[in-house]
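Undergrad:
In the UniProt record's numbering, the protein residues as written are 1 to 1209.
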């Protein structure tokens, strides 16, 4: 075995014993090798060997766990091999050569605890399931099924809250959270809050703690929200001072500007310094907040300029001074108008108003959690967060509320592990960290003594999965540097064995300027910098490039990404064609580049990965991208799901048409049309059956298949049914002939696996599976598609930066860097969450009908922005450190580039680290990269565009290539010179253009005629009014009904009542209709029984009762000419479909009598006649045409007047 030359830091991490150790491992530092070597040395230690099954090794993914297990197995196998005779190899004799011990470890490796945190938790729960309210045969829920359960649980909870004692308060909460016409935002808010709190241990305590924050309102300055705003204000104002002082220096260098501007700028500078002095005080009284707000309001107006500066329009100094004044004004306006928009007293009022609403939201979330837990228990399911919380329940006792101590079981389990190794510790959340603490052994001081934590906070990019890098940072802050004696301690692994020095230098150059504790959550100093240790031959080629693609002014964002993708594709094609050389570190020689040597990284996959793949393929390059989503919409899966829907219900025309046109039955569109025309009014399936009876062979085969597989579905599990269809129809072979056939076959096999999981969860039958898929589709969810690509496939990978973490490629294109940072989560959100700052939302004033921001909301926006941008910096770090030999950063820029560069250069001082406030202002990766490149010695092409001198250049030896590129056409190699041709005007064409431009549409009047109208809309067309309705009907909140709602209640009773029973006992019939659910209890209480009794005692009712043909709620549909119903300008051929409902029609003496019930509160019958005669006239006309009977009489019955009103029509 070759002896590895470990660096001193690596050796220390491998050999350290005696206490807990935190290893901060930079990108490419060989942390996996160190981790596996430490395991080997622990289990082969000469003095104190540890069995492999007494170590707990936790990885972030299952793939990483498997890789670690294989590495350990491989190392053990090599240790068992005889000493090689090769003189070039030096045997490592530091390890124990005991063959028996090594073989024992090989045997124990099979049951070693090497897994993800969730796999470990699942095993622990299964071992001690009797201590938990769980079934022994629990399974982990699929995301799609869990989504259905979440929706069901939350719907039930929300309905209960609407109908509960606090229904009115809950309606106000729903209106606050959901601004639209439904509760979608409320659903999303509860889901978001639930997922967020589940990353915290004992999340009920977290909710109680954050709700308590709304009880402390005495001094806004001393709240956590006030402190965040004051800190940001101080940073903003210090930046203002910095650039104002720069402006004063520039002004003093120019006599004209000095005369006009100096006093103004010095006054503004003094005002800002005065505010900074007040903001920077250590202790703030309650009055300071309003004082700061007042000063900001005054300062934002800025002091009027002393005069105009003539003749200096093109002077760069004046341009910079003017830009500074605008920027200072913008900053002060933001502080005054947004962050200090509320006074101290208004803050207190906001908090007191919001507290009960937030308490109600927290209560709903806990109710949802309990309901969801119940639904999961019924189905013997758990999700990943359940695994963490059930494990916490096993490992901790709660002797009193809010106090958690290790359980006896935790003490017992911790004795099973001599060392606990945790990889990717920077992506741990608080719940997981508490599990690790419970499993760790402790010394006499209570400190954990057997943890080995490995990670890199600079690569923590999973905050959206509730990762908490601050846990890693806190340990890094308090742990002492490693000296071999004091524990717990920390070791930095900064040596990079992956990238060429030109790439590590570029990474260090960029992040030493950008990353700080305020933005990035650590200072990128010498301890964090990459140390190049990769063994590459020297070369004169520049390893890092910035390629800027110029785009036209009118290019859309989609067009820009196409141009960028085209450049990347052409560049890769050229590098492969030209024989670009890649160094093979194993063979120690150069070889020509292959397609698999290239990777294209994008920040986001949405709608962009496919563009890059398309352009690569257009250039003859095989490209691959892992597409997450689109599985259910893929052709092969959509056809199969349509067939399953048809087997469940053959009368569904759309799925049946899809199946007919698919490869399964190969109908042509004309053949489908012919079948459809057999009977246009019948379902398509019946037409197929008729065609089959008439001898159509295709239809006969289809009908037989539907019959056969529908019968099989009754007895077969759904996955067996799917596999049988594949087998008997040879569908897998059919799709294999299509493009990407192997991937389609894998998708179909995966469908059977998904179906098997569905059945395994206890669901039975085709119908249940189809309904399940439909719910998934309605929610907009999807399943993961199959991946048939192996690691050795010779293709260019196109992937997101998140997907690339842990991978490396010889040549990396970091593209789409001009894409703006995603700020929607905190700029557009109606609610915001933060682990420390809690929950915040806007406030609504029901009197003014306005919404406005709050101090907690603004504080959480600031902190969310800081956290988000810190993570964006780490994402950029991960992207840049994937490259081994070549890093090419691409971006598109238009004519605004000069303005962008000027803005980026402004505020940069001679200090190496750029102000965190300036970094925070940047909108994209491109802004960050360009801002740093402006200070690079090779950044002259950028500085030249804005006439920037070299005074702020950071001189160093690293190289950087910056180039501007013109956009490429789809066929650049075939471009030909464009000819400029001037044509003489043609009079006849000019006349034709004028005629067409003055054209008037002859049927313009018809465009104003609606296709369909209700009778009441026509009758009252001139007096239509707009009404405001509450989103929740008042009868659901138990308030008094409106007059219209009272009328509707009586109409509903008359619709569903048994007239004979009502005539005998009206009160009893009202009660019966209520019990049947046709009207609610609240509606029943508003029905006047006396009015009902008087109707059934009236002569009109006796006529109705005597009729042999009574029709209630008769719905009708007819067509009328538009000019007959008020559209006077319409053509005689224009018609309107008219629909309506007649309350009651009865036949008397061979003719119709129309009765319309009215509940309007009127004084006399004449008012009703005037209001409804037009409506009844239309009823008469349409019903005569529909029933082919004459209408002898139209009657209005007024319940308010207790009388019938015959109309003269």
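From the three backbone atoms N, C-alpha and C, an ideal C-beta is built for every residue, glycine too.
It should be emphasised that the depicted structure is a prediction, and the values quoted were computed from it without experimental measurement.
1) Return helix, strand or coil for residue 352, following the three-state DSSP convention.
2) Whole angstroms is fine: what's the gap from residue 671's alpha carbon to residue 647's?
3) Leaving out five residues on either side along the sequence, give the residues of the same chain with a beta carbon under 7 Å from the beta carbon of residue 1120.
4) In chain order, what residues of the same chain lie with their CB nearer than 6 Å to the CB of residue 1115, ignoring the 5 residues before and after it?
5) So residue 1203 is in the beta strand (DSSP E); what residue range does that whole segment cover?
6) Give me the Cβ distance between residue 561 and residue 598, rounded to the nearest whole Å; I'm assuming they're in contact under 8 Å.
7) Which of the three DSSP states, helix, strand or coil, is assigned to residue 908?
8) On the three-state DSSP scale, how would you describe residue 624?
9) When you compare only the Cα positions, how much space is there between residue 843 and residue 479?
10) Can residue 801 and residue 878 be called in contact, C-beta distance under 9 Å?
11) Under 8 Å by Cβ, that's how I've got residue 275 and residue 292 pegged, so tell me the actual separation to the nearest angstrom.
12) For residue 462, I'd like the list of residues in its chain whose CB is within less than 7 Å of its CB, leaving aside the five on either flank, ordered along the chain.
13) With respect to 8 Å, is the separation between the Cβ of residue 1202 and the closest non-hydrogen atom of the ligand GTP below this value?
14) Please return the same chain residues whose Cβ sits closer than 7 Å to the Cβ of residue 1169, not counting the five positions on each side in sequence.
15) Go to residue 1105, then tell me how far its alpha helix (DSSP H) extends in each direction, as first and last residue.
16) In three-state terms, what does DSSP make of residue 1037?
17) Is residue 817 buried or exposed, if buried means 16 or more other CB atoms sit within 10 Å of its CB?
18) If you follow the alpha helix (DSSP H) that residue 1093 is in, where does it begin and where does it stop?
19) Locate the beta strand (DSSP E) running through residue 1216, then write down its first and last residues.
20) Any contact between the segment 262-273 and the segment 302-317? By contact I mean 3 or more CB pairs, one from each, below 8 Å.
21) Comparing C-alpha positions only, which one of 202, 721, 1117, 530 sits nearest to residue 1185?
22) CB residue 874 to CB residue 807, shorter than 9 Å?
23) Assuming residue 406 is part of the beta strand (DSSP E), what are its boundary residues?
24) Within this structure, are the beta carbons of residue 203 and residue 355 separated by less than 9 Å?
25) State yes or no: is the C-beta of residue 567 within less than 9 Å of the C-beta of residue 783?
26) To the nearest angstrom, how far is the alpha carbon of residue 1197 from that of residue 1018?
27) Give me the residue from 335, 254, 282, 51 with the minimum Cα distance to residue 110.
28) On the three-state DSSP scale, how would you describe residue 459?
29) Count the other CB atoms within 10 Å of the CB of residue 454; is the residue buried (16 or more) or exposed (fewer)?
30) For residue 880, does the count of other Cβ atoms within 10 angstroms reach 16, so buried, or fall short, so exposed?
31) Of all the options 423, 777, 1144, which has the alpha carbon lying nearest to the alpha carbon of residue 1057?
32) By alpha-carbon positions, which one of 339, 122, 616, 323 ends up nearest to residue 230?
33) Just to check my reading of the structure: residue 544 and residue 503 have Cβ atoms closer than 8 Å, yes? What is that Cβ distance to the nearest angstrom?
34) Taking just the CA atoms, how far does residue 1066 sit from residue 1156?
35) Taking DSSP's pairing of strands, which residues face residue 1138 in a bridge?
36) Measure the beta-carbon distance from residue 887 to residue 506 and round it to whole angstroms, keeping in mind my assumption that it falls under 8 Å.
TA: For this structure:
1) Position 352 of the chain shown, counted from the first residue, corresponds to residue 352. Here DSSP, grouped into helix, strand and coil, assigns residue 352 to helix.
2) Stepping through the chain shown from its first residue, residue 671 is reached at position 671. Stepping through the chain shown from its first residue, residue 647 is reached at position 647. Near 21 Å, if we compare the C-alpha coordinates of residue 647 and residue 671.
3) For the purposes of this step, residue 1120 is identified with residue 1120 of the chain shown, where counting begins at 1. If we look at residue 1120 and ignore the five residues flanking it on each side, its Cβ neighbours are 1135, 1136, 1138.
4) Walking along the chain shown from the start, residue 1115 turns up at place 1115. Excluding positions up to five away in sequence, the list reads 1141.
5) The sequence position of residue 1203 within the chain shown is 1203, counting from 1. Looking at the DSSP string, the run of the beta strand (DSSP E) that includes residue 1203 is 1203-1207.
6) Within the chain shown, the letter at position 561 stands for residue 561. Within the chain shown, the letter at position 598 stands for residue 598. Going by Cβ atoms, the distance from residue 561 to residue 598 rounds to 18 Å, so no, they are not a contact pair.
7) Here residue 908 refers to the residue found at position 908 when the chain shown is read from its first residue. When DSSP states are grouped into helix, strand and coil, residue 908 belongs to the coil group.
8) Here the question's residue 624 lines up with position 624 in the chain shown. In the three-state DSSP reduction, residue 624 falls in the strand class (E or B).
9) For the purposes of this step, residue 843 is taken as residue 843 along the chain shown, with counting starting at 1. For the purposes of this step, residue 479 is taken as residue 479 along the chain shown, with counting starting at 1. Cα to Cα, residue 843 sits roughly 43 Å from residue 479.
10) Looking up residue 801 in the chain shown gives position 801. Looking up residue 878 in the chain shown gives position 878. A contact, by the Cβ cut-off of 9 Å.
11) Mapped onto the chain shown, residue 275 falls at position 275. Mapped onto the chain shown, residue 292 falls at position 292. Rounded to whole angstroms, the Cβ separation of residue 275 and residue 292 is 6 Å, and the two are in contact under 8 Å.
12) Reading the chain shown from its first residue, position 462 is the one you call residue 462. Closer than 7 Å at Cβ, skipping near neighbours: 427.
13) The ligand content of the structure shown is nil, which means the ligand GTP is not present either.
14) Locating residue 1169 in the chain shown gives position 1169, counting from the first residue. Correct list, in chain order: 1205, 1207.
15) Reading the chain shown from its first residue, position 1105 is the one you call residue 1105. For residue 1105, the enclosing alpha helix (DSSP H) starts and ends at 1099-1106.
16) Working through the chain shown from its first residue, we reach residue 1037 at position 1037. Unreliable placement is indicated for residue 1037, whose pLDDT of 40 sits below 50; no coordinate value is reported for it.
17) Stepping through the chain shown from its first residue, residue 817 is reached at position 817. Counting the other CB atoms within 10 Å of its CB gives residue 817 a total of 16 or more, which places it among the buried residues.
18) In the chain shown, counting from the first residue as 1, residue 1093 sits at position 1093. 1089-1096 is the extent of the alpha helix (DSSP H) around residue 1093.
19) Nothing in the structure corresponds to residue 1216, since the chain is present only between 1 and 1209.
20) These segments touch.
21) Your numbering for residue 1185 matches position 1185 in the chain shown. Per the Cα distances, 1117.
22) For the purposes of this step, residue 874 is taken as the residue at position 874 of the chain shown. For the purposes of this step, residue 807 is taken as the residue at position 807 of the chain shown. Against a cut-off of 9 Å, the Cβ pair of residue 807 and residue 874 comes out as no contact.
23) Working through the chain shown from its first residue, we reach residue 406 at position 406. Annotation: the continuous beta strand (DSSP E) that includes residue 406 extends over 403-406.
24) The sequence position of residue 203 within the chain shown is 203, counting from 1. The sequence position of residue 355 within the chain shown is 355, counting from 1. No Cβ-Cβ contact shorter than 9 Å links residue 203 with residue 355.
25) The residue labelled residue 567 in the question sits at position 567 within the chain shown. The residue labelled residue 783 in the question sits at position 783 within the chain shown. No, they are not a contact pair.
26) By one-based count along the chain shown, residue 1197 stands at place 1197. By one-based count along the chain shown, residue 1018 stands at place 1018. One C-alpha to the other measures close to 21 Å.
27) As a first step, residue 110 must be located in the chain shown, where it is residue number 110. Closest by alpha carbon: 51.
28) Here residue 459 corresponds to residue number 459 of the chain shown, with the count starting at 1. In the structure shown, residue 459 sits in a helix (DSSP, three-state: H, G or I).
29) Counting from one through the chain shown, the residue named residue 454 turns up at place 454. Under this definition residue 454 is a buried residue.
30) Start at 1 with the first residue of the chain shown, and residue 880 comes out as number 880. Looking at its Cβ environment, which holds 16 or more other Cβ atoms inside 10 Å, residue 880 is buried.
31) Here residue 1057 corresponds to residue number 1057 of the chain shown, with the count starting at 1. Minimum Cα distance to residue 1057 is reached at 1144.
32) Taking the first residue of the chain shown as position 1, residue 230 is located at position 230. When only C-alpha atoms are compared, the closest one is 339.
33) Looking up residue 544 in the chain shown gives position 544. Looking up residue 503 in the chain shown gives position 503. The Cβ separation is near 6 Å, so the contact holds.
34) Position 1156 of the chain shown holds residue 1156. Position 1066 of the chain shown holds residue 1066. When only Cα atoms are considered, residue 1156 and residue 1066 end up about 20 Å apart.
35) Position 1138 of the chain shown, counting from 1, holds the residue named residue 1138. Beta-bridge pairing by DSSP links residue 1138 to 1013, 1118.
36) Within the chain shown, residue 887 is the residue found at index 887, counting from 1. Within the chain shown, residue 506 is the residue found at index 506, counting from 1. 7 Å between Cβ atoms; contact.
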